[in-house]
Structure formats: structure tokens, C-alpha cells
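For reference, the structure discussed in these notes is given below.
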Amino acid sequence: MDVDHVRIFDTTLRDGEQAPGCTMTLEEKLEVARQLARMKVDIIEAGFPAASPGDWAAVHEIAREVGTPDGPTIAALARANKDDIDKAWTAIQPAANKRIHTFMSTSDIHLEHQFRKTRGEALELIGEMVTYASSLCDDVEFSPMDATRSDPEYLFEAIRIAIECGATTLNIPDTVGYSTPQEYGDLIAAIRANVPGAEGVVISTHCHDDLGVAVANSLAGVYGGARQIECTINGIGERAGNASLEEVVMALHTREAFYGLKTQVETRELARSSRTVSSFIGVPVPPNKAIVGANAFAHESGIHQDGVLKNRMTYEIMSAETVGLDGNALILGKHSGRHAFRKHIEALGYTLTDEDFQHVFVRFKDLCDRKKKVDDRDIEALIVGETQHTPHIYKLEHVQYSSGMGMVPTATVRLVGPEGESRTDSAHGTGPVDAIYKAINRLINRPNELMEFSINAITEGLDAVAEVTVRIREQGASPSGGSDPTTINLTGKRAAQQIFSGYSVNTDTIVAAAEAYMGALNKMLAVRQERMKAEAVAYAAGYADDPGALPADLFDSGSAG
Ligand code: KIV
Ligand code: ZN
């Protein structure tokens, strides 16, 4: 075991994706997984295969494409029951390096009220299920859920049993984000000091951010001897989220002399990872967010600017370049040719298919006609916008709007449908965006609620490119019905109404708003279609004996609760 190496275990696609509004299509999950591999995270937790056939199929596909011999380990989550463990194991089969991650609560409050098990019964289950997982896979992670609210002596015993039964990584979840850095660091140190066998396994942190200290707790855990951090891009995850990957990585990188530890993460990929996830889930990165926020490297006050101009180190502890935010060079314009443009985006680190390149190039030329200075931030936004792989079930072909003082805002929209049919409709609204959305709804007729609408300028200036993000919730989906977009999260509830996001960039803010809305609607329809296809694939691969067998309430159904 390399004692100076801190493994980065990314759970954006599991703990992150399971948070409300963070749903991604299969293609988006794959793109995030590719980016995580490019960034060289050690382990990707690709999902929770027992949650649904769609989750199983996504994990399987990620394992197949990204789980190459020199790529990351692909992990899948499973509750402590044989059926979940089997589903996790079959889903990660194609990966060269695989890990089963199984968990069971150890706090009295969870055991008593949620699992209805005695402490003794839970220990027995942990022993049996870790033994079972280890009989399939030589890389097994065990998590005593709600560890930080568990009786420490009982927790040590649970960990001892898990190690004895074959677990190679012991993850210590602060499931409800209750711990403080001092306590969490001490707990990790106490586990290392008191649990027989702890010296031969990797101890891992998994901290939620309910008190805003998930990153601080993770770092305290590492200081106490943990050598794996579980985290997510932009800190997305249940409730207040998880420890943010970019923050823990840059803390260890910037303060290497203090910690004496290293990760293998390619830090120049951090900004792009953040942008990719943010655009897929429709959650903008706050400007003041550490490391990847728009203002993270902006110096506003006169004194700071003066200092930075004299020597950057006066007010900067790390450089924008280190996290991949150095792309402001103005070297391309409307006369740049296809070859130069391709070379430039390759230098930015993007490899596009011919088809994606063609779309981005057309948008780039169009942008050069409308914007004086096109810089790398614009180009990256175009790439992210144009390479989102939400299928265009309905394509926006034409949008026209009129609005102004003393006028009734009106919009006309033409869409091309799944069978290639072109249809046009018009509507009035309270403003041009409302009118466009009403016209689109008349054509697609899929009731939904607009949850969030946000506009950002990518660059400075009046001709800046607008980045629009919308989030919608499907209305009228029945909680358990057929192929409705239902998911099952870790608390065993079916979320009847998922939230879908859309993203677009355009110098015309209203057109960007129309495109973003179409993106969200198409995603809603695509996820529904994908779920049906995934069910067929997963059942054909032996996902479950009975296609109707997914229980309505998972914690009432199996041995894990
Ligand atoms: O927060 C938590 O306890 C989890 C476990 C499943 C590891 O996400
Ligand atoms: Zn968690």
C-alpha cells in the first residue's frame, strides 16, 4: 500500500445523481465517467444497480467503456443482501478493475427505526454479506452507514468483522453530516488504533455537507490516517451534498507540504469536470464557489489588484491554470479555418467526433459573426452545449417572438417531431420566454412545472454569450405506474416526479431559453424511453427473475431492511 497516496473515489454518478434534480441520461453518465477517467480519479462509483434496471444498465455500460485495464476501478453500490450484491457484481462485470461496495447501518437509531434489527443481527448480516461479496470480488468496500452517530465500540466491532470477512476498504460515512472536523479526524485515528486488522486495509472518508464542513471533515479524516476520500464534482449529493472533489483535491495539492500526501488527479481537468456536471444537471456553479466558481480567481478590490499585478502570489495561493481555468487567449476569429479550430479545441483537451465537431464549428462561426471577441470560455461553453447527448426527440426548427412596452408578448414555434413531422403553433405569454414555452407546450403536450430558470453571461461585455439553464418537473406521473419516470433512492422511496434540466448557450438570450427548455423536455422524454429499453437489456442479462419484482419499498423487502 502506498502510504502517501490518497485515493479519490468519485461518487458523482451514485450519491450525486441520486439527489433530486440531478438525473442524467445514460449518455450523460457515460460522458461524466469518461471525464472522471481523463481526470484520473482512482475509483468511479458508477451507480446503485439494484435501484432499477436503468441504473444497472448504466453501470454495466460505464464498466464496459471506461473500466479499461489502465483506467479507474468501477464500483457499484449494494445493500447488505445477496440480491443487491449479485446485481452489483453482474453490472460491473465488463470492467478490468471492479469493486463491490456494500453497506449496512450501525447506529442504534437506524437499526431500531429503519432496519428493525438488533445490534447482534446487524453484525451477523455484515459478516455474511461481506463474506458473500468477497467470494465474488477481491476488492470489497464496506460502509457502516451513519458511522458517526454509532456507538464507537460497536462500530469498531462491525469494522473488525468486515475486515475479517474480506473487506479491503472500510468507509466511514458521516451520513447525516453531523460530525465536526476534530471529532471525525479523531474517529478515523481511533479506528486505526483500536480495530485489529485496520493497518492492512484502506480507511475511507464519506462526508455529507449538512453543516458545511464536509471538505474539512474529509481532510481531518485524511490527517487521522484515511487514504481514500469519497467525494463528488461540485459537491453534489443527498441534501446539502457531499465533499466537493475539486476542493479536497486542491487542498491536498496546494498544502502538500502540510499533509505530505498526494492524489493522482490531473488538476487541470477540474474546471472542465465542474462545467460538464453543472450543465448536465442544470445546477449552475455559484460564482463564489471555491476552486471552480467564476470569481474564484477574480481580484476586485484595488489593493488586491495592485498586489496581484506586482506579484500574483501576493493574493493567490494557487493559479487558475492549475485547475484548468487559463483559457482566455483570443486567438481565433471568424476567419479561422476548420483545421485551426480543430487543433485549438484539441489543445483545450477536447476530442470530438466528426459530427460533434461539425456542430460546434457551425456554432462557432455563427458566434464570430455576432460577438467581437470569442475566447476559450465561449468555445468551451459551445462544446459543452453542442455535445450534450440528449436525443433530439423534438427538434426546435424555428422560433420567432415579439414583445415590448405596451405589447402582448407573442411567440411562434416550429418543431420537428419523432417521425419527422413539422408542426407550428403560437401563444401569448407574460413575456417572450413564457410565450415560447407555452407554444412549445401546446406542441409537445407533456404537462410540466418550470422549477428553475437561470441566465448567466459567459464572458464580459454587452455581446456576451448567454448561458441558460432550466429545470422542469414532469406533472401527473403516477408514483408506481409502469414506465413512469420513477426512481428508487437509498431511503427506499420512489420519487414519482424526477426533475430534468436543459442547458444552452447563445448570444440571443431568448433563443437560448427556448433551446434550454427543449433540452429539458427532450431529456424527460429520453429518460422515459431509456428506462423502457434498459429494462429489456437488464432483464435479458438476468437482472431479476421476475420483471415485476422491484419492491415498492425497498427497505421493507429484503434482508438489508
Ligand atoms: O451517506 C452514506 O452513508 C452513503 C452510504 C451508502 C455510503 O452514501
Ligand atoms: Zn452518502
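With numbering that gives the first Met the number 0 applied, the sequence shown corresponds to residues 0 to 560, in that order.
Think of the CB as a built atom: it goes at the ideal place given N, C-alpha and C, for glycine as much as any other residue.
Predicted model, so just to flag it, every value in this text is computed and none were measured.
- Run the CB neighbour count on N294, radius 10 Å, all protein chains shown included, and call it buried at 16 or more, exposed below. By the neighbour-count rule (16 or more Cβ atoms within 10 Å), N294 is not buried but exposed.
- Please confirm whether G220 and T204 have their CB atoms less than 7 Å apart. Yes.
- Query: So is the beta-carbon of D365 under 6 Å away from any non-hydrogen atom of the ligand ZN?
  - Reply: Not so, every heavy atom of the ligand ZN lies at least 6 Å from the Cβ.
- Item | Where E255 falls: helix, strand or coil (DSSP) | E255 sits in a helix when the DSSP states are folded into three classes.
- Message: Taking 7 Å as the limit between beta carbons, can you name the residues of its chain near S482, skipping five residues before and five after?
- Response: Confidence in S482 is poor, its pLDDT being 30 and thus under 50, which makes the residue's placement unreliable; the coordinate value appears in the next sentence. Answer for S482: R527, R530, M531, listed in chain order.
- Message: Given this structure, state the Cα-to-Cα distance separating P478 from G403, to the nearest angstrom.
- Response: The pLDDT assigned to P478 is 38, lower than 50, so where the model puts this residue is not dependable; a value taken from the coordinates is nonetheless given after this. Cα to Cα, the separation comes out at about 42 Å.
- Message: Are there any heavy atoms of the ligand GTP lying less than 6 Å away from the beta-carbon of D14, as far as the coordinates show?
- Response: As for the ligand GTP, it is missing from this structure, which binds only the ligand KIV and the ligand ZN.
- Message: Nearest by alpha-carbon distance to D41: which of I73, I454, G15 is it?
- Response: Of the candidates I73, I454, G15, the one whose C-alpha sits nearest the C-alpha of D41 is I73.
- Task: Quick one: residues in its chain with C-beta nearer than 7 Å to the C-beta of A380, no 5 flanking neighbours on either side, listed in chain order?
- Result: If we look at A380 and ignore the five residues flanking it on each side, its Cβ neighbours are I457, V464, E466, V504.
- Message: Tell me whether S142, by its Cβ, gets closer than 6 Å to a heavy atom of the ligand KIV.
- Response: Checking the Cβ of S142 against the ligand KIV gives yes.
- Neighbourhood of E140 by C-beta distance below 8 Å, restricted to the same chain and skipping five residues each side: Sequence-distant partners of E140 (beyond 5 residues in either direction) whose C-beta falls short of 8 Å from its own C-beta, in its chain, are A74, R98, I99, H100, T101, A166, T167, T168, L169, N170, S203.
- Message: So the candidates are M406, T411, E385, V407; which of them puts its Cα closest to the Cα of E396?
- Response: Out of M406, T411, E385, V407, T411 has the C-alpha closest to the C-alpha of E396.
- Query: When DSSP labels each residue in this structure, what does G501 get in the three-state scheme?
  - Reply: G501 falls in the strand class under three-state DSSP.
- Message: Between which residues of its own chain and G70 is the CB-CB distance below 6 Å, once the five residues before and five after are set aside?
- Response: Cβ neighbours of G70 beyond the five flanking positions: A36.
- Task: Assign N80 to one of two classes, buried (16 or more other C-beta atoms within 10 Å of its C-beta) or exposed (fewer than that).
- Result: So N80 counts as buried.
- Count the other CB atoms within 10 Å of the CB of P431; is the residue buried (16 or more) or exposed (fewer)? If you draw a 10 Å sphere on the C-beta of P431, you find 16 or more other C-beta atoms in it, and that means buried.
- Query: CA-CA distance, S421 and S500?
  - Reply: One C-alpha to the other measures close to 24 Å.
- Message: So V264 and V248 are supposed to be a Cβ contact under 8 Å. How far apart are they, rounded?
- Response: At roughly 5 Å, the Cβ-Cβ gap stays under 8 Å, so V264 and V248 are in contact.
- Query: Taking the Cβ atom as the reference point for each residue, do K172 and S142 lie within a distance shorter than 7 Å?
  - Reply: What sits at residue 172 in the sequence shown is Pro, not Lys. Yes, they are a contact pair.
- Could you give the C-beta distance for R311 and G20, rounded to a whole number, given that I count them as a contact under 8 Å? Their Cβ separation, rounded to whole angstroms, is 37 Å, which puts R311 and G20 out of contact at 8 Å.
- Between G547 and K86, what straight-line distance do the alpha-carbon atoms span, to the nearest angstrom? In this predicted model, G547 has a pLDDT of only 43, less than 50, meaning its place in the structure is not dependable enough to derive any value.
- Verify whether the separation of the beta carbon atoms of R13 and G46 is less than 7 Å. Taking 7 Å as the Cβ cut-off, R13 and G46 qualify as a contacting pair.
- Task: Could you name the residues that DSSP lists as bridge partners for Y400?
- Result: A410, per the DSSP bridge assignment.
- Item | Cα-Cα separation between A561 and V307, rounded to whole angstroms | Coverage of the chain is limited to positions 0 through 560, which leaves residue 561 absent and any answer about it impossible.
- Assign R441 to buried or exposed, taking buried as 16 or more other Cβ atoms, counted over all protein chains shown, within 10 Å of its Cβ. Taking all protein chains shown into account, R441 has fewer than 16 neighbouring C-beta atoms within 10 Å of its C-beta and is therefore exposed.
- Buried/exposed call for V373, threshold 16 Cβ in 10 Å: Of the residues assessed, V373 falls on the buried side of the cut-off, its CB having 16 or more other CB atoms within 10 angstroms.
- According to DSSP, is N455 helix, strand or coil? Three-state DSSP puts N455 in a strand.
- Message: Buried or exposed, going by whether 16 or more other CB atoms sit within 10 Å of the CB of P68?
- Response: An exposed status is given to P68, since fewer than 16 other beta-carbon atoms sit within 10 Å of its beta-carbon.
- In the DSSP assignment, what are the bridge partners of E140? Beta-bridge pairing by DSSP links E140 to H100, T168.
- Query: Is it buried or exposed for P48, if we count other Cβ within 10 angstroms and need 16 for buried?
  - Reply: P48 comes out buried.
- Query: Excluding the five sequence neighbours on either side, which residues of its own chain have a C-beta within less than 6 Å of the C-beta of L210, listed in chain order?
  - Reply: Take L210, set aside five residues on each side of it, and the residues of its chain with a beta-carbon closer than 6 Å to its own are G176, in chain order.
- Item | H112: CB within 6 Å of a non-hydrogen atom of the ligand KIV | Answer for H112: no, Cβ out of range of the ligand KIV.
- When you compare each of I454, A242, T321 to E268 by their alpha carbons, which one comes out closest? Nearest C-alpha to E268: T321.
- Message: What does the alpha-carbon distance come out to for the pair N96 and A426?
- Response: Their backbone Cα atoms lie some 54 Å apart in a straight line.
- Message: Quick check: what's the CA-CA separation for D145 versus P151?
- Response: So the two alpha carbons sit approximately 11 Å from each other.
- Going by DSSP, name the residue or residues bridged to V415. V415 has K394, S421 as its beta-bridge partners, per DSSP.
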